[in-house]
Amino acid sequence: MEEHSRDAVCWPRRFAKETAVSVVDEEGRQMWRGKVKTDPTTLAAVIALRAPDAKRIGFETGPLSTWLWHALKALGLPLICLDARHAKAGLSVQGNKTDENDALGLAQLVRTGWYREVKVKSLDSHLVRGVLGARAQLVSTRIRLTTTIRSLLKNVGVFVAVGHRQTFASAAEEAIRGQTGLPVS
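All you need for the working numbering is the position in the sequence shown, starting with 1, plus 873.
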């Protein structure tokens, strides 16, 4: 029996607990398909069992791709992260849209070389970006709240000073002190 090299494709859905995996040979014949727990160790074990000589292992970009990329790359697997929009165009011709069929379609894209590879950034880069994004959200929320409070107070004739000498809370307390019907606490 002739030994074929295999390409394995893992296809994690958004926040999926399971990942559809499809293994194809060089001619595009499906050698194995199934669903496994979305966990790098489990995925690596399945690939080692079902496609030990895999030349390329592809998966789409998504919320889990950074985690999977770094964990599976650390295990020495030959990974390719596919641009999801580009892959969607290639998968749109198939009639029956299921995770298993998409995994097979992605395996065929990887096998034929018809894909756009995405560079996955480092975990540190993602962490820094996440912290900066969270900070931006907090600043935006604070600005919206202070603007809302200022406009509500203007409706009753109270003007809160805008400045850098005091916090907004203390400026608002000072502005409403002595106003009837507006408790300071």
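Idealized CB from N, CA, C, for every residue including glycine.
Starting from residue i, trace the alpha helix (DSSP H) both ways and give me its first and last residue.
{"i": "Ser995", "result": "No alpha helix (DSSP H) contains Ser995, which DSSP labels as neither H nor E."}
{"i": "Arg923", "result": "Pro913 to Arg923"}
{"i": "Ser938", "result": "Ser938 to Ala947"}
{"i": "Leu1055", "result": "It is not in any alpha helix (DSSP H) - Leu1055 carries neither H nor E in the DSSP assignment."}
Could you tell me the distance, in whole angstroms, from the CA atom of residue i to the CA atom of residue j?
{"i": "Gly1051", "j": "Ser1024", "result": "19 Å"}
{"i": "Lys910", "j": "Arg1008", "result": "33 Å"}
{"i": "Thr1040", "j": "Ser965", "result": "55 Å"}
{"i": "Leu948", "j": "Arg1015", "result": "43 Å"}
{"i": "Val1004", "j": "Met904", "result": "43 Å"}
{"i": "Ile1049", "j": "Gln1010", "result": "28 Å"}
{"i": "Val1012", "j": "Lys1027", "result": "22 Å"}
{"i": "Ala924", "j": "Lys946", "result": "16 Å"}
{"i": "Val999", "j": "Val1029", "result": "One detail in the question is off: residue 999 reads as His in this sequence, not Val. When rounded, the distance between both Cα atoms is 46 Å."}
{"i": "Leu1018", "j": "Val1001", "result": "26 Å"}
{"i": "Leu977", "j": "Ile930", "result": "12 Å"}
Does the Cβ-Cβ distance between residue i and residue j come in under 8 Å?
{"i": "Leu979", "j": "Ala962", "result": "no"}
{"i": "Glu973", "j": "Ala893", "result": "yes"}
{"i": "Leu922", "j": "Phe932", "result": "no"}
{"i": "Val983", "j": "Thr934", "result": "no"}
{"i": "Gln967", "j": "Gly901", "result": "no"}
{"i": "Val1033", "j": "Ala1045", "result": "yes"}
{"i": "Ala889", "j": "Pro913", "result": "no"}
Among residues of its own chain, excluding the 5 on either side of residue i, which ones have a beta-carbon nearer than 6 Å to its beta-carbon?
{"i": "Arg989", "result": "Asp956 and His959"}
{"i": "Cys883", "result": "Thr892, Val894, Leu916 and Phe932"}
{"i": "Asp975", "result": "Trp884 and Leu964"}
Starting from residue i, follow the beta strand (DSSP E) in both directions and report where the run begins and ends.
{"i": "Trp905", "result": "Gln903 to Lys910"}
{"i": "Arg989", "result": "Taken as a continuous stretch (DSSP letters only), Arg989 belongs to no beta strand (DSSP E), as it is neither H nor E."}
{"i": "Leu952", "result": "Leu952 to Leu955"}
Can you find the residues in the same chain that come closer than 8 Å, C-beta to C-beta, to residue i, ignoring five residues on each side of it along the sequence?
{"i": "Ala927", "result": "Ser878, Arg879, Asp880, Ala881, Val896, Ile920, Leu950 and Pro951"}
{"i": "Glu875", "result": "Residue placement at Glu875 is poorly supported in this model, since its pLDDT is 46, which falls under 50; the coordinates are not used for a value here."}
{"i": "Val1031", "result": "Ala1048, Ile1049, Gln1052 and Leu1055"}
Taking DSSP's pairing of strands, which residues face residue i in a bridge?
{"i": "Ala881", "result": "Val896 and Ile930"}
{"i": "Glu1046", "result": "DSSP, once it has assigned bridges, lists no residue as partnering Glu1046."}
{"i": "Glu891", "result": "Lys910"}
For residue i, which residues in the same chain have their Cβ closer than 7 Å to its Cβ, ignoring the five residues on either side in sequence?
{"i": "Cys954", "result": "Phe932, Thr934, Ser938, Trp942, Glu990, Val991 and Val993"}
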